[in-house]
Amino acid sequence: MTQPSGTGPAPGGSPGVIDHGGVRSIDPYASRNVAVSGAETHLRRLVRLGHAEAVPGGDPVTYIAV
């Protein structure tokens with residue numbers, strides 16, 4: 001499937017950048033993915049250091065500070 005004209009990554013650009021007819025903008029979904037990834041990394045670090053632990057029965061998994 002092809003993307004409509006003016007959407008999708010800019011040629012030679014980052015996947016999080018959309019080209020709108022020569023005007024580039026940040027893809028909000030890509031920005032959110034980066035933020036979520038950073039939060040997950042930070043949370044894993046807190047768990048590893050013993051500063052947070054998983055709460056049983058949480059869906060999605062819920063963590064609590066210890």
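So for the sequence shown, the UniProt record's numbering puts the first residue at 1; every next one is plus one. Yeah, the Cβ is synthetic: ideal placement off N, Cα and C, and Gly gets one too.
Task: For Val-55, the nearest candidate out of Arg-48, Val-66, Arg-45 (CA to CA) - done: Val-66
TODO: Could you name the residues of the same chain whose beta carbon sits closer than 8 Å to that of Tyr-63, not counting the 5 residues immediately before and after it, in chain order?
DONE: Leu-43, Leu-46, Val-47, Ala-52, Glu-53, Ala-54, Val-55
TODO: Output the boundary residues of the beta strand (DSSP E) element that contains Val-61.
DONE: Val-61 -> no beta strand (DSSP E), and no H or E assigned at all.
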